[in-house]
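Student:
There are 2 protein chains.
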Amino acid sequence: MSKTENNQANGKNDGDFSVIFAALGDSTRLALFDRLSDGKPRSISVLSDDADMTRQAVTKHLRVLEAAGLVQNHRMGRESHYAFCPDQLKQARAYLDHVAGRWDSALMRLKTFVEGDDG
Amino acid sequence: MSKTENNQANGKNDGDFSVIFAALGDSTRLALFDRLSDGKPRSISVLSDDADMTRQAVTKHLRVLEAAGLVQNHRMGRESHYAFCPDQLKQARAYLDHVAGRWDSALMRLKTFVEGDDG
DNA sequence: ACATAACGCAACCTCCTGGTTGCATTTAAG
DNA sequence: CTTAAATGCAACCAGGAGGTTGCGTTATGT
Chain L
408 MSKTENNQAN GKNDGDFSVI FAALGDSTRL ALFDRLSDGK PRSISVLSDD ADMTRQAVTK
468 HLRVLEAAGL VQNHRMGRES HYAFCPDQLK QARAYLDHVA GRWDSALMRL KTFVEGDDG
Chain S
408 MSKTENNQAN GKNDGDFSVI FAALGDSTRL ALFDRLSDGK PRSISVLSDD ADMTRQAVTK
468 HLRVLEAAGL VQNHRMGRES HYAFCPDQLK QARAYLDHVA GRWDSALMRL KTFVEGDDG
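Residue numbers (the working numbering), protein chains in the order written: chain L, 408 to 526; chain S, 408 to 526.
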């Protein structure tokens with residue numbers, strides 16, 4: 408089983424957050440993700456309507472989002488509905504929070520060092 | 408002036424968060440960014456030492472991070488030091504928070520709808 | 001039943017990305 | 001001054017990403 412498949416299977420990205428960011432790192436995909444964040448699942452055709460590209464292109468983008476765990480797909484009759492999936496978003500937020508926290512504490516240490524230096 | 412140049416100049420990405428995510432969407436770059444988040448600026452050589460690729464490759468990655476505003480460069484003598492830059496990180500966090508908030512309120516609306524339906 | 005809507009698959013193309021190598025330049029060190 | 005370190009620049013390359021087109025298949029609707 409490949410790493411990507413494993414990630415999809417257990418819903419984790421064992422520290423490989425770059426996959427999530429890479430999925431969001433395309434304006435088309437970010438727009439799709441943003442649009443789906445209102446909770447309403449949409450079919451590929453609907454999502455393709457106001458995107459200035461082919462349905463196939465949109466399909467590819469949606470699959471990238473799905474592979475990153477940011478979106479879920481459910482086939483309903485002849486339509487394929489994609490829905491927002493918040494788990495990986497929370498993971499990404501937590502990671503960015505962690506990095507920001509490390510930066511803040513580094514700033515804090517620097518501040519106390521400088522203050523202790525002349526105080 | 409191109410859009411990218413403008414973004415670098417005023418420090419904003421006028422809604423184009425995909426640039427930030429794209430910069431973080433590579434495991435090598437994410438590792439560099441993560442490593443620099445301790446606040447200590449480092450030279451290209453130092454950053455290249457434990458990366459299993461050429462110094463030139465690392466240089467390219469650092470420039471991508473810099474173009475996204477995630478990192479800053481200062482030439483010190485013959486060394487080029489790259490330092491963490493928290494602004495765009497905060498922007499990205501704020502955006503993800505916004506999306507997550509939209510999702511949460513969508514869930515909330517659904518919940519109250521369902522409760523009002525049978526209650 | 002038949003037309004058509006919605007989709008999947010596969011081939012194909014172009015361009016960008018990640019990476020390398022070679023060489024020149026600037027700067028520190030002895 | 002001479003040598004070596006740290007970097008920049010440019011050319012180059014393979015592979016993947018984004019996108020299109022064509023065609024086949026499955027459901028819907030009338």
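A virtual CB, placed ideally from N, CA and C, is assigned to each residue, including glycine.
All figures in this text were calculated on a predicted structure; none of them were measured in a lab.
State the start and end residues of the unbroken beta strand (DSSP E) segment that holds L/S487.
Tutor: Within the first sequence, the letter at position 80 stands for residue 487 of chain L. 486-491 is the span of the beta strand (DSSP E), which, as asked, contains L/S487.
Student: So, helix, strand or coil for L/M483, using DSSP?
Tutor: Translated into the one-based positions of the first sequence, residue 483 of chain L becomes position 76. Strand.
Student: Between the alpha carbons of L/R509 and S/S487, how many angstroms are there, rounded?
Tutor: As a working note, residue 509 of chain L is residue 102 in the first sequence. As a working note, residue 487 of chain S is residue 80 in the second sequence. So the two alpha carbons sit approximately 23 Å from each other.
Student: Are the CB atoms of L/F424 and S/L437 nearer to each other than 8 Å?
Tutor: Here residue 424 of chain L corresponds to residue number 17 of the first sequence, with the count starting at 1. Here residue 437 of chain S corresponds to residue number 30 of the second sequence, with the count starting at 1. Their beta carbons are under 8 Å apart, which means L/F424 touches S/L437 by this criterion.
Student: Taking only three categories from DSSP, how would you classify S/D444?
Tutor: Residue mapping note: residue 444 of chain S aligns to position 37 of the second sequence, counting from 1. The identity of residue 444 of chain S in the sequence shown is Ser, whereas the question assumes Asp. In the structure shown, S/S444 sits in coil (DSSP, three-state: anything other than H, G, I, E or B).
Student: Using C-beta distances below 7 Å, list every residue in its chain close to L/L431, excluding the 5 sequence neighbours before and after it, in chain order.
Tutor: Residue mapping note: residue 431 of chain L aligns to position 24 of the first sequence, counting from 1. Cβ neighbours of L/L431 beyond the five flanking positions: L437, F440.
Student: Note down the Cα distance separating S/T519 from S/H481, rounded to an integer number of angstroms.
Tutor: The residue labelled residue 519 of chain S in the question sits at position 112 within the second sequence. The residue labelled residue 481 of chain S in the question sits at position 74 within the second sequence. Whole-angstrom Cα-Cα distance: 54 Å.
Student: The alpha helix (DSSP H) with L/A429 in it runs from where to where?
Tutor: Position 22 of the first sequence, counting from 1, holds the residue named residue 429 of chain L. Taken as a continuous stretch (DSSP letters only), the alpha helix (DSSP H) holding L/A429 covers 425-431.
Student: When you compare the CB of S/D457 with every CB in chain L, is at least one pair closer than 8 Å?
Tutor: Stepping through the second sequence from its first residue, residue 457 of chain S is reached at position 50. Output row for S/D457: interface = no.
Student: So the candidates are L/H505, L/T461, L/R442, L/D459; which of them puts its Cα closest to the Cα of L/V478?
Tutor: Translated into the one-based positions of the first sequence, residue 478 of chain L becomes position 71. Nearest C-alpha to L/V478: L/R442.
Student: Looking only at C-alpha atoms, which of L/L517, L/M515, L/Y489, L/A499 sits nearest to L/K470?
Tutor: Locating residue 470 of chain L in the first sequence gives position 63, where the first residue counts as 1. Lys is not the amino acid found at residue 470 of chain L; the sequence shown has Arg there. Minimum Cα distance to L/R470 is reached at L/Y489.
Student: Against chain L, which members of the stretch 424-445 of chain S pass a CB distance test of less than 7 Å?
Tutor: Of all residues in the stretch 424-445 of chain S, F424, S425, F428, A429, L431, G432, D433, S434, L437, D441, S444, D445 have a Cβ within less than 7 Å of some Cβ in chain L.
Student: Tell me, please, whether the CB atom of L/R449 is closer than 8 Å to any CB atom in chain S?
Tutor: Locating residue 449 of chain L in the first sequence gives position 42, counting from the first residue. False, the Cβ-Cβ gap to chain S never drops below 8 Å.
Student: Return no unless some Cβ of chain S is closer than 8 Å to the Cβ of L/L472.
Tutor: To locate residue 472 of chain L, count along the first sequence from 1; it is residue 65. Answer no: the Cβ-Cβ gap between L/L472 and chain S never drops below 8 Å.
Student: For S/V465 versus S/A458, is the C-beta distance shorter than 8 Å?
Tutor: Within the second sequence, numbered from 1, the residue matching residue 465 of chain S stands at position 58. Within the second sequence, numbered from 1, the residue matching residue 458 of chain S stands at position 51. It is a contact, given that the beta carbons lie within the stated cut-off.
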